[in-house]
Amino acid sequence: MIATSPSHAESSVASHDILREVFGYDRFRGPQEAIVEHVIAGGDALVLMPTGGGKSLCYQIPAIARQRMGHGITIVISPLIALMHDQVGALHEAGVSAAFLNSTLSGEEASAVEKRLLRGDITLLYAAPERVTTPRFLAQLDSLYERGHLSLFAIDEAHCVSQWGHDFRPEYRALTVLHERFASVPRMALTATADALTREDILERLQLQDARAFVSSFDRPNIRYTIVEKKDATQQLLRFISREHLGDAGIVYCQSRKRVEEIAQTLCDEGIDALPYHAGLDAKVRQANQDRFLRAEGIVMVATIAFGMGIDKPHERFVAHLDMPKNIEGYYQETGRAGRDGEPANAWMSYGLQDVVNQRRMIDESPAGEEFKQGLRGKLDALLGLAEATDCRRVRLLHYFGEASGACGNCDNCLNPPAVWDGTDAARKLLSTIYRVQQQSGISFGAGHIMDILRGKSTEKVAQHGHEALSTFGIGTDLSEVQLRGVLRQLIAIGAVEVDAQAFNTLQLTDLSRAVLKGEVPVQLRESVSTPGGKVKRTTTAKGASKVPASLDAAAHDRFAALKAWRGEVAREHNLPAYVIFHDATLAAIAERAPQSLDDLQGISGIGAKKLEAYGEEVLRVVSLSVAPV
Numbered sequence: 004m005i006a007t008s009p010s011h012a013e014s015s016v017a018s019h020d021i022l023r024e025v026f027g028y029d030r031f032r033g034p035q036e037a038i039v040e041h042v043i044a045g046g047d048a049l050v051l052m053p054t055g056g057g058k059s060l061c062y063q064i065p066a067i068a069r070q071r072m073g074h075g076i077t078i079v080i081s082p083l084i085a086l087m088h089d090q091v092g093a094l095h096e097a098g099v100s101a102a103f104l105n106s107t108l109s110g111e112e113a114s115a116v117e118k119r120l121l122r123g124d125i126t127l128l129y130a131a132p133e134r135v136t137t138p139r140f141l142a143q144l145d146s147l148y149e150r151g152h153l154s155l156f157a158i159d160e161a162h163c164v165s166q167w168g169h170d171f172r173p174e175y176r177a178l179t180v181l182h183e184r185f186a187s188v189p190r191m192a193l194t195a196t197a198d199a200l201t202r203e204d205i206l207e208r209l210q211l212q213d214a215r216a217f218v219s220s221f222d223r224p225n226i227r228y229t230i231v232e233k234k235d236a237t238q239q240l241l242r243f244i245s246r247e248h249l250g251d252a253g254i255v256y257c258q259s260r261k262r263v264e265e266i267a268q269t270l271c272d273e274g275i276d277a278l279p280y281h282a283g284l285d286a287k288v289r290q291a292n293q294d295r296f297l298r299a300e301g302i303v304m305v306a307t308i309a310f311g312m313g314i315d316k317p318h319e320r321f322v323a324h325l326d327m328p329k330n331i332e333g334y335y336q337e338t339g340r341a342g343r344d345g346e347p348a349n350a351w352m353s354y355g356l357q358d359v360v361n362q363r364r365m366i367d368e369s370p371a372g373e374e375f376k377q378g379l380r381g382k383l384d385a386l387l388g389l390a391e392a393t394d395c396r397r398v399r400l401l402h403y404f405g406e407a408s409g410a411c412g413n414c415d416n417c418l419n420p421p422a423v424w425d426g427t428d429a430a431r432k433l434l435s436t437i438y439r440v441q442q443q444s445g446i447s448f449g450a451g452h453i454m455d456i457l458r459g460k461s462t463e464k465v466a467q468h469g470h471e472a473l474s475t476f477g478i479g480t481d482l483s484e485v486q487l488r489g490v491l492r493q494l495i496a497i498g499a500v501e502v503d504a505q506a507f508n509t510l511q512l513t514d515l516s517r518a519v520l521k522g523e524v525p526v527q528l529r530e531s532v533s534t535p536g537g538k539v540k541r542t543t544t545a546k547g548a549s550k551v552p553a554s555l556d557a558a559a560h561d562r563f564a565a566l567k568a569w570r571g572e573v574a575r576e577h578n579l580p581a582y583v584i585f586h587d588a589t590l591a592a593i594a595e596r597a598p599q600s601l602d603d604l605q606g607i608s609g610i611g612a613k614k615l616e617a618y619g620e621e622v623l624r625v626v627s628l629s630v631a632p633v
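Reading the sequence shown from the start, the letters are residues 4 to 633 in my numbering.
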């Protein structure tokens, strides 16, 4: 049975004390306090909170509080070795007893952790789902449970349990054993993204139907969303980075391993410090690149989606997609890795017709059942709708997650409203051509050939099939290929045209085609404004240049720079990312205050009791040395 729950007042006081003493923060953000108090009291919870919203505190504070109340150890289930390492390191820095069990430990090291676990010497233990469900580990949990020393299960990245989630991992399904075997131990599932379909799947698969759901706003107002039509994607990317983010840390996502390698090399050739990351790289190289990205400043990681989940680097200033993701959840999760510190950040994406065709083909060729494929197509269509939108991107994005909002004033469409043209007539001409070609030849053709007919181009293929005799031949001479590709993307997005991957990506009409042909469904399109341009001219910026908060005066700038340099040294000594020692915002607050004593450091956000004790004197020394002589 669950031990007697504390009163609201007791849990409230305890949670605030822990927040201040251990983590150095004066107040909770958003729904954190309600979540923390509910879990401290022994309740089950489903927590949906955007990346950078402070999910970790939602289980770390209950873990500390419940151990102090005599309930024992919290098990954190995470699929990510890098996250385990960094979170355990951050907890140690805050004075919390934590450990992890994963494949990076030797047999001797793992055995030592297990002994500490069974003794109850650990507050939080991080482990992968496949380890948690082994007979050996379950037997250890049985021992803790029988003694009343098993406090809480926190299941991070909970969308991995759902087939609808963008990072489905079958091993998460086995976590139902936790409810079946340890029924009285509270459980919480946490994720940064889940649409209604994925949310229902999480609750069912983890048997959390009675859990209280805490759904935060999905809005990340500091992120600027920009989506451009793909022309010369490499040059477009180079212009974006060189004009807006030279010297910044960021991630560039590509669809293929080959493309990752090419883009990483191109960025390096342009003087941008870039590293590749994909599943085909040697594990040691992959780990080394990830570590360098986390620990150094100004690194651009070029990666497949194999990189990123659980990466907790707060100072990434941009995320770029060179190819369109599979769905909005993936796009949202990946773009959410930018600006986790709350400072302005950019989410940039280029996409084109080939992206649409490729994603459709991958769905059609997958071995999944038709119902599942239909769900995937619906998710892709939602992303296409976002890409083709002429209104506020943020409104579209939040609407997908069931959240209403007004125009943000900070996305590309809000800042530079696109010129729109009525593509209804062009759409009808295109659909008519597809219909007449099929009618005459008895087979279907791809986009290029259909557009050639429509624009009256006398190609060898047109002559071979006698398609110059069609009534639609040449009726679209007033339309450019760019315009027609935009029309076709929109028709695919609304489901009025399908691409048949089984038949060489040929175009097929659908039930909705008839409504467009009759003029019942208008097709509004954005004018094409993206041009490839010439070679990018780089502006000279110091590599990895320190971004200093604008609010600091000249003297505070110097203190901030000195503090960052000191933090970098400490981080290297501890083999931890710099932000684990202190966030930039904490360093900026120190630089602005120019403390002269330990008392002056008290109350600065991000400085808890343990960090004050460990680093207070050193911080004062650095501040004093950076003060210019009078």
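Every residue, glycine too, gets a C-beta built ideally from N, C-alpha and C.
These numbers were taken from a predicted model, which means no experiment stands behind them.
Check: So if DSSP puts D503 in a beta bridge, which residue, or which two residues, is it bridged to?; Outcome: T509
Check: To the nearest whole angstrom, what separates the beta carbons of I21 and A68, a pair I think is in contact under 8 angstroms?; Outcome: 6 angstroms
Check: Indicate whether the contact test is met: 3 or more Cβ pairs, each with one atom in the region 435 to 453 and one in the region 414 to 425, closer than 8 angstroms.; Outcome: no
Check: Between which two residues does the alpha helix (DSSP H) holding G381 run?; Outcome: E373 to E391
Check: How many angstroms separate the CA atom of S629 from the CA atom of A306?; Outcome: 39 angstroms
Check: Taking Cβ positions, are N225 and V360 nearer each other than 7 angstroms?; Outcome: no
Check: Apart from the five residues just before and just after L555, which ones in its own chain have a Cβ nearer than 7 angstroms to its Cβ?; Outcome: F563, A591, A594 and E595
Check: Note down the Cα distance separating D602 from D358, rounded to an integer number of angstroms.; Outcome: 57 angstroms
Check: Going by beta-carbon coordinates alone, are L579 and G92 separated by less than 7 angstroms?; Outcome: yes
Check: On the premise that I584 lies in contact with R575, defined as a C-beta separation below 8 angstroms, what is that separation, rounded to the nearest angstrom?; Outcome: So it is not a contact: roughly 10 angstroms between Cβ atoms.
Check: Residues in its own chain within less than 7 angstroms of V633 by CB, not counting five upstream and five downstream?; Outcome: In this prediction, V633 scores a pLDDT of 40, lower than 50, which makes its location untrustworthy; the coordinate-derived value is nonetheless stated afterwards. If we look at V633 and ignore the five residues flanking it on each side, it has no Cβ neighbours.
Check: Going along the chain, which residues of its own chain have a beta-carbon closer than 7 angstroms to the beta-carbon of C257, five neighbours each way excluded?; Outcome: V263, I266, V305, T307, L325 and D326
Check: What is the DSSP secondary structure of N349, reduced to helix, strand or coil?; Outcome: strand
Check: Do you know how far the Cα of H182 is from the Cα of F217?; Outcome: 20 angstroms
Check: Return helix, strand or coil for A48, following the three-state DSSP convention.; Outcome: strand
Check: Measure the beta-carbon distance from H642 to D587 and round it to whole angstroms, keeping in mind my assumption that it falls under 8 angstroms.; Outcome: In the structure as shown, the chain begins at 4 and stops at 633. Residue 642 is therefore absent and cannot be evaluated.
Check: From A617 to V25, what distance separates their C-alpha atoms?; Outcome: 13 angstroms
Check: Is I125 helix, strand or coil by DSSP?; Outcome: coil
Check: For I43, which option in S444, Y62, V622 and L457 has the closest C-alpha, if you only look at C-alpha atoms?; Outcome: Y62
Check: Using a beta-carbon distance below 7 angstroms, is A252 in contact with chain B?; Outcome: No chain B is present in this structure, which holds just one protein chain.
Check: Taking the alpha-carbon positions, what's the E572 to A581 distance?; Outcome: 9 angstroms
Check: Which one of P421, K464, D514 and R289 has the shortest CA to CA distance from T229?; Outcome: P421
Check: What span of residues does the alpha helix (DSSP H) with E207 cover, start to end?; Outcome: A199 to R208
Check: Whole angstroms are fine: how far does the CA of Q210 sit from the CA of A309?; Outcome: 28 angstroms
Check: Using 8 angstroms as the Cβ pair cut-off and three pairs as the minimum, do the region 428 to 435 and the region 517 to 524 touch?; Outcome: yes
Check: Whole angstroms are fine: how far does the CA of A496 sit from the CA of A66?; Outcome: 46 angstroms
Check: Hey, T77 and L127: beta-carbon distance below 7 angstroms or not?; Outcome: yes
Check: Between Q493 and L515, is the Cβ-Cβ spacing less than 7 angstroms?; Outcome: no
Check: Should G45 and H152 be called a contact, given that it needs their Cβ atoms to be closer than 7 angstroms?; Outcome: no
Check: Within the continuous alpha helix (DSSP H) that includes M365, where are the two ends?; Outcome: L356 to E368
Check: Do the CB positions of L512 and G479 come within less than 7 angstroms of each other?; Outcome: no
Check: Starting from R279, follow its DSSP beta bridges and name the residues at the other end.; Outcome: Reading off the sequence, residue 279 comes out as Pro, not Arg. BP columns for P279 point to V305.
Check: Rounding to the nearest angstrom, what Cα-Cα distance links V625 and G606 in this structure?; Outcome: 19 angstroms
Check: If you draw a straight line from the C-alpha of A341 to the C-alpha of W351, how long is it?; Outcome: 11 angstroms
Check: For G405, which residues in the same chain have their Cβ closer than 7 angstroms to its Cβ, ignoring the five residues on either side in sequence?; Outcome: A199
Check: By the 10 Å Cβ neighbour count, where 16 or more other Cβ atoms means buried, how is D29 classified, buried or exposed?; Outcome: exposed
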